[in-house]
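Here is the structure we will look at, set down as structure tokens.
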Amino acid sequence: MTGLLAAALPGVPLLVGLVGLLLPPSPRGAATGEDRARRVAITLGVAGAAVALLAAVALLVRVDRPIEGGTTWVELGGLTVTLGYRLDGVAVLVATAVAAVALAVQVYSIGYLKRGPHDDVEVDHRYPPYAAQISLFTAAMLTVVVSGDLILLLVGWEVMGLCSYLLIAHDRRLPEAPAAAVKAFLVTRVGDVGFLLGIALLGVAAGSFRIADVLAHHYSTGTLTAACLLLLAGVAGKSAQFPLHTWLPDAMAGPTPISALIHAATMVAAGVYAVARLFPLFAQAPAALAVLGVLAAITVLLGAFAATAQDDIKRVLAWSTVSQIGYMTGALAVGAPAAALFHLLTHAAFKALLFLAAGAVIHAVGTTLMSRMGGLRTAMPVTFWCTVIGLGALAGVPPLSGFWSKDGVLAAAEAAALEGSGPSYAWVGWLVWLAGLLGVAVTAWYATRLLLRAFLGAARLPLAHPHDPPAVLRWPVLLLAVPAALLGLAAFAPWFADRLRVPADRSGEAVELVHLGPNLLLPLVLLLAGAGVAWVGWRRDPAADPARVLGPLRPVFARAFRLDDVQHALVVRPTTALARAVRTGDELGVDGLVEGSGRAAVELGGGLAALHRAALPRAAAGVLAGALLIGLTVALIGVAS
């Protein structure tokens with residue numbers, strides 16, 4: 009039964025996704041009541057996600073120890089690739105989060121992807137492939153979660169990247185959507201090359217790609233460090249960590265439900281999950297963990313400061329995702345995979361909630377710009393209070409879920425800094441801890457700013473009767489508010505902490521997720537300071553943007569320290585120039601030589617043909633001249649001899 013449930017977890021969404029791709033697009037101009045293809049796509053998408061969630065919950069109840077199974081897929085040169093699963097507490101918890109968010113997104117998309125706010129308006133004619141692509145995306149992430157083989161994990165990893173490209177580019181009416189999709193695909197491709205090489209290095213050295221065999225093999229220090237650094241390249245791409253983070257904010261060009269899916273529990277969480285799955289190897293490579301710690305500290309602050317100056321509500325949440333993933337990778341860098349996974353789960357809940365709540369606001373007011381919102385608290389009370397819960401969890405307000413998980417990360421970093429308890433160097437703990445503390449204050453500031461700008465004060469532009477969303481949009485938001493508020497309390501349950509233990513933690517000691525003590529005071533003080541500064545600035549002038557206090561730094565933060573421009577100058581322009589030079593060389597050199605030879609032969613043949621077509625008198629004169637020339641040549645040769 010466990011094997012059947014493990015196969016159904018990615019298998020059912022995969023099957024319904026493949027069937028959904030066979031559905032024809034909806035007729036253009038069709039209303040919801042007359043679109044049969046859309047109704048079938050909805051049924052398949054929701055049913056596939058629901059079955060996956062039921063299978064994940066069943067496995068959550070059944071699995072209390074690591075379980076493996078599968079069969080040989082292919083053998084190449086003595087290397088065995090298996091088609092199997094590897095289940096433990098971490099896998100089933102993450103699978104449950106993935107399936108729950110996927111189901112919420114499928115249901116939410118029913119109401120969101122229409123051309124207007126009412127049931128009788130024209131629908132998105134590309135909804136059937138959209139729903140199918142969400143199912144395939146979900147299946148790919150679940151394959152990464154339950155895979156017992158690195159090659160199978162790589163397959164899910166790559167399919168996820170392809171589906172993200174298709175989903176970000178879904179709305180062809182937006183000119184920026186295709187460009188954002190291409191950017192996401194190419195930037196993550198850069199990291200995926202390293203990820204592929206890292207997997208190859210581990211598998212070849214171990215003689216097998218089974219995760220159990222890879223974890224059990226003894227590697228040399230150089231091989232292990234090189235493999236872990238290569239894997240981190242893929243993690244930086246998929247999980248949007250510096251310097252491969254630039255694709256994630258631009259991915260906001262996709263539909264808001266897709267933003268929730270990518271940011272909450274799937275694509276950006278895949279890199280963190282992959283490191284946690286292979287953490288026993290990283291624990292033996294302190295240099296790789298040091299690199300990860302540096303990247304995490306930069307990413308935490310980069311994402312937080314960039315979020316302070318954004319006007320687009322979705323881009324604020326996107327940059328907050330970059331920052332929060334930095335907390336997770338920071339926890340991994342200081343040797344606390346359980347804390348990283350705990351924050352991954354709480355982040356999945358409150359970030360999905362925030363994106364879907366933001367989608368409800370966008371659906372009601374028709375804009376993503378906070379400068380055109382304001383005064384929505386009374387018109388949209390349900391959305392307002394759900395947003396309060398989500399932003400409170402994001403900022404770490406007790407007793408919401410983000411408070412407990414972020415405290416776990418900071419406590420682990422503090423212990424690594426002060427006690428040297430981490431597997432890497434002590435300075436890594438200091439770096440992650442200080443960056444995390446500063447990130448608490450900045451996160452509280454921009455979360456408060458978002459709430460004030462969007463929901464409080466007076467409306468800055470006349471809006472056409474904003475209201476809470478219809479039931480199909482409202483219920484996913486309400487249900488996600490429950491884990492966003494309460495999931496952190498699960499850390500007090502021993503069974504929950506035990507399921508978050510990775511193999512490196514299995515020393516018989518309990519995993520401590522909650523750290524009640526004086527170390528909670530400093531994050532709380534920083535939280536109050538950040539929120540208070542934003543509140544005081546807004547109270548002085550409710551019509552003004554609190555971000556004005558940033559002064560000349562505001563455009564720098566708004567452009568995320570212009571790292572996109574740096575990438576464009578150092579990578580895009582040279583690559584484009586090289587491509588133009590190669591094309592010119594090919595056209596003028598290779599093609600010119602081939603085509604020039606052909607033209608020369610044609611012209612020479614044409615000249616000879618013209619001589620052969622000469623009139624009789626000229627031909628006779630030519631023959632006589634040739635004979636005379638030959639005779640003269642023979643005579644000269646005879647005299648010379």
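Just add 8 to wherever you are in the sequence shown, counting from 1, and you've got this note's numbering. The beta carbon of each residue, even a glycine, is placed where N, CA and C say it ideally should be. As the structure is a prediction and not an experimental result, all values here were calculated from the model.
The three-state secondary structure of Val71, taken from DSSP, is coil. With fewer than 16 other beta carbons inside 10 angstroms of its own, Ala609 counts as exposed.
Within 10 angstroms of the beta-carbon of Ser247 lie 16 or more other beta-carbons, which makes it buried. Put simply, the segment 316–332 does not touch the segment 231–243. Fewer than three CB pairs are less than 8 Å apart. The continuous alpha helix (DSSP H) containing Tyr281 extends over residues 275–285. For Thr88, the beta-bridge partners assigned by DSSP are Glu83, Ser216. By the Cβ criterion, the segment 296–303 is not in contact with the segment 193–207, since fewer than three pairs of Cβ atoms, one from each stretch, lie closer than 8 Å. Around the beta carbon of Met168, 16 or more other beta carbons lie within 10 angstroms, which makes this residue buried.
Contact between Leu95 and Thr79 does not hold, since the beta-carbon distance rounds to 16 Å and is not under 8 Å. In summary, Ser605 is exposed, with fewer than 16 beta-carbon neighbours lying within 10 Å of its beta-carbon over all protein chains present.
Rounded to whole angstroms, Tyr93 and Leu352 show a C-alpha spacing of 22 Å.
Counted as a single uninterrupted DSSP element, the alpha helix (DSSP H) harbouring Tyr116 occupies residues 97–120. By alpha-carbon distance to Ser409, the top candidate from Ala401, Asp415, Gly416 is Ala401. For Met168, the uninterrupted alpha helix (DSSP H) segment begins and ends at 158–176. Annotated as distal: Ala424 and Gly416, with beta-carbon spacing of 9 Å or more. Collapsing the DSSP output to three states places Ser413 in a helix. For Gly78, the pairing in a beta bridge is given by DSSP as Gly92. In the structure shown, Leu408 adopts coil according to DSSP, grouped into three states. Asp320 has Leu377 as its beta-bridge partners, per DSSP.
Per the DSSP secondary-structure output, Ser34 pairs with nothing in a beta bridge.
With contacts defined by Cβ atoms closer than 9 Å, Ala449 and Phe358 do not form a contacting pair. Rounded to the nearest angstrom, the Cβ distance from Val109 to Ala420 is 25 Å, too far for a contact under 8 Å.
For a cut-off of 8 Å, the C-beta gap from Ala147 to Pro21 is around 4 Å, short enough to register as a contact. Rounded to the nearest whole angstrom, the CA to CA distance from His355 to Val590 is 46 Å. Going by C-alpha positions, Val243 is about 21 Å away from Leu175. With respect to Pro554, Ala568 sits apart: the two C-beta atoms are not nearer than 9 Å. Under the 10 Å beta carbon count, His178 is surrounded by 16 or more other beta carbons and is classified as buried. Thr451: member of the alpha helix (DSSP H) spanning 434–463, first to last residue. Spatial neighbours of Thr395 in its own chain (CB-CB distance under 6 Å, excluding positions within 5 residues in sequence) are listed in chain order as Ala365. Taken through DSSP and simplified to helix, strand or coil, Ser331 comes out as helix.
Collapsing the DSSP output to three states places Ser247 in coil. Here Val280 is not near Ala241, since their CB atoms are 9 Å or more apart.
Boundaries of the alpha helix (DSSP H) around Pro137: 135–154. In this structure, His371 and Tyr120 form a Cβ contact; the two beta carbons are roughly 6 Å apart against a cut-off of 8 Å. At the C-beta level, Ala282 and Val152 come within 9 Å of one another.
Residue state for Leu488 is assigned as helix, using DSSP reduced to three classes.
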